[in-house]
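K.L.:
Structure provided below as structure tokens; questions to follow.
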Amino acid sequence: MSKSLFDLTGKLALVTGATHGLGMAMAEGLGNAGAKLVITGHSSQEKLDGAVAQLREKGYDAHGYLFNVTNEDEVNEMVPVIEQEQGSIDVLVNNAGIIRRVPLLEMELSEWNKVLETNLTGVMVMSRPVVRRMIERGAGKIINICSMMSELGRDSVSAYAASKGGLKMLTQNMATEWARHNIQVNGIGPGYFATSQTAPIRVDGHPFNDFIIGRTPAGRWGNPEDLQGAAVFLSSDASNFVNGQVVYVDGGILATIGKPSNE
11 MSKSLFDLTG KLALVTGATH GLGMAMAEGL GNAGAKLVIT GHSSQEKLDG
61 AVAQLREKGY DAHGYLFNVT NEDEVNEMVP VIEQEQGSID VLVNNAGIIR
111 RVPLLEMELS EWNKVLETNL TGVMVMSRPV VRRMIERGAG KIINICSMMS
161 ELGRDSVSAY AASKGGLKML TQNMATEWAR HNIQVNGIGP GYFATSQTAP
211 IRVDGHPFND FIIGRTPAGR WGNPEDLQGA AVFLSSDASN FVNGQVVYVD
261 GGILATIGKP SNE
């Protein structure tokens with residue numbers, strides 16, 4: 011198979027919520043494949059500038075824009091600005107998301123709404139102005155960052171699971187509506203990954219660390235770089251007839267019921 015199928019040279023990839031963690035790792039993977047990068051954030055200009063500087067230090071052509079993907083007015087204003095300043099958006103990675111670990115009976119409605127607004131509605135808000143321009147050009151790639159919670163429940167994350175389950179179905183419906191325009195819409199479902207957020211529990215003897223390693227057939231946490239191959243594949247010509255799918259990068263968790271306790 012030709013390497014050119016995975017070459018993103020000349021493409022512009024926009025990754026939302028990519029100032030750190032898995033979003034940053036996927037941006038790096040797309041940059042390694044040749045893409046020009048636009049990353050977004052909304053917490054602070056300082057954090058965004060730091061992430062852009064980090065990417066540029068590694069040799070990537072990277073640019074940052076500060077706005078909130080849940081604010082339709084901001085998104086509709088910024089997408090044309092990005093395309094005017096950086097070029098047409100060929101790849102959109104909807105990565106921005108939040109989680110609130112609160113039992114359902116104790117969760118405030120405002121917190122529930124915030125999670126769904128960010129993880130689900132924000133994807134719709136961000137995608138529409140980008141896809142309108144992709145339709146005009148007759149090509150485009152959308153990658154929605156789903157989760158194993160798109161398939162499984164877990165204690166105390168009902169809002170997150172509802173949003174990610176909804177995102178799986180939104181991905182399929184986006185593909186249904188936009189495939190006729192040569193736009194591929196797919197998802198990536200990460201498993202449990204070694205990030206700064208999980209560092210405190212990724213220690214020998216911690217019950218959750220032992221659970222994840224025992225529950226994962228690969229026997230380890232994922233490294234952020236493990237997401238890069240899937241991101242490049244779904245952004246490239248190699249996936250031109252792949253649509254409405256969620257690629258789970260989870261070390262095999264969803265493939266098995268798990269080990270018996272006496273094994």
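With the first letter of the sequence shown counted as 1, position 117 gets the number 127 in the working numbering; the numbers rise by one all the way through. The beta-carbon is built from N, C-alpha and C at its ideal position, and this holds for glycine as well. Quick caveat: nothing in here was measured; it's all calculated off a predicted structure.
Going by C-alpha to C-alpha distance, which of 139, 169, 158 and 146 sits closest to residue 111?
P.N.:
Looking at the Cα atoms, 169 is the closest of the given residues.
K.L.:
According to DSSP, simplified to helix, strand and coil, what is residue 133?
P.N.:
Residue 133: helix per DSSP, three-state reduction.
K.L.:
Going by DSSP, name the residue or residues bridged to residue 45.
P.N.:
Looking at the DSSP assignment, residue 45 forms no beta bridge with any residue, so it has no partner.
K.L.:
Look up residue 203 in the DSSP assignment and give the residues it is bridged to.
P.N.:
232, per the DSSP bridge assignment.
K.L.:
With DSSP collapsed to three states, give me the class of residue 73.
P.N.:
Three-state DSSP puts residue 73 in a strand.
K.L.:
Return helix, strand or coil for residue 25, following the three-state DSSP convention.
P.N.:
DSSP places residue 25 in strand when its eight states are reduced to three.
K.L.:
For a test of the three-state rule: what should DSSP assign to residue 238, helix, strand or coil?
P.N.:
Residue 238 falls in the helix class under three-state DSSP.
K.L.:
Per DSSP, what are the beta-bridge partners of residue 50 in this structure?
P.N.:
Its beta-bridge partners are 75.
K.L.:
Is it true that the CB of residue 23 sits closer than 8 Å to the CB of residue 40?
P.N.:
Cβ distance < 8 Å, so residue 40 and residue 23 count as in contact.
K.L.:
Of all the options 232, 136, 211 and 194, which has the alpha carbon lying nearest to the alpha carbon of residue 81?
P.N.:
The shortest Cα separation from residue 81 among 232, 136, 211 and 194 belongs to 136.
K.L.:
With C-beta atoms as the reference, is residue 197 less than 8 Å away from residue 256?
P.N.:
In this structure, residue 256 lies closer than 8 Å to residue 197 by Cβ.
K.L.:
Report buried or exposed for residue 78, applying the criterion of at least 16 other Cβ atoms within 10 angstroms of its Cβ.
P.N.:
Buried is the call here.
K.L.:
Taking buried to mean at least 16 other C-beta atoms within 10 Å of its own C-beta, is residue 150 buried or exposed?
P.N.:
Per the 10 Å Cβ criterion, buried.
K.L.:
Measure the beta-carbon distance from residue 269 to residue 224 and round it to whole angstroms, keeping in mind my assumption that it falls under 8 Å.
P.N.:
Indeed they touch by this definition, with Cβ atoms about 6 Å apart.
K.L.:
Residue 254 lies in the alpha helix (DSSP H); which residues open and close that run?
P.N.:
Residue 254 -> no alpha helix (DSSP H), and no H or E assigned at all.
K.L.:
Between the segment 142 to 156 and the segment 85 to 104, can you find at least three pairs of beta-carbon atoms closer than 8 Å?
P.N.:
Yes, the segment 85 to 104 touches the segment 142 to 156.
K.L.:
Excluding sequence positions up to five away, which residues of its chain have a Cβ less than 6 Å from the Cβ of residue 109?
P.N.:
Correct list, in chain order: 170.
K.L.:
For residue 209, count neighbouring C-beta atoms within 10 Å of its own C-beta (all shown protein chains included) and say buried if the count is 16 or more, exposed if not.
P.N.:
Under this definition residue 209 is an exposed residue.
K.L.:
In whole angstroms, give me the CA-to-CA distance for residue 229 and residue 155.
P.N.:
The alpha-carbon atoms of residue 229 and residue 155 are separated by roughly 23 Å.
K.L.:
DSSP state of residue 150, grouped into three classes?
P.N.:
Residue 150 falls in the strand class under three-state DSSP.
K.L.:
Going along the chain, which residues of its own chain have a beta-carbon closer than 7 Å to the beta-carbon of residue 93, five neighbours each way excluded?
P.N.:
So the list reads 99 and 143, once near-sequence residues are dropped.
K.L.:
Given residue 113, which residues of its chain have a CB within under 7 Å of its CB, disregarding the five upstream and five downstream residues?
P.N.:
Closer than 7 Å at the Cβ level, and outside the excluded window around residue 113, lie 166.
K.L.:
Does the beta-carbon of residue 200 have 16 or more other beta-carbons within 10 angstroms, so that it is buried, or is it exposed?
P.N.:
The residue is buried, with at least 16 neighbouring Cβ atoms inside 10 Å.
K.L.:
Does the Cβ of residue 220 have 16 or more other Cβ atoms within 10 Å, making it buried, or fewer, making it exposed?
P.N.:
Counting Cβ neighbours within 10 Å, residue 220 comes out exposed, since fewer than 16 surround it.
K.L.:
Give every residue of the same chain whose Cβ lies closer than 6 Å to the Cβ of residue 31, excluding the five residues on either side of it in the sequence, and list them in chain order.
P.N.:
So the qualifying residues of the chain are 205.
K.L.:
Mind checking residue 265: buried by the 16 CB within 10 Å criterion, or exposed?
P.N.:
Exposed is the call here.
K.L.:
Using a Cβ-Cβ cut-off of 7 Å (strictly less than) and excluding sequence neighbours within five positions of residue 178, which residues of its own chain qualify?
P.N.:
These residues qualify, in order along the chain: 156, 160, 197 and 256.
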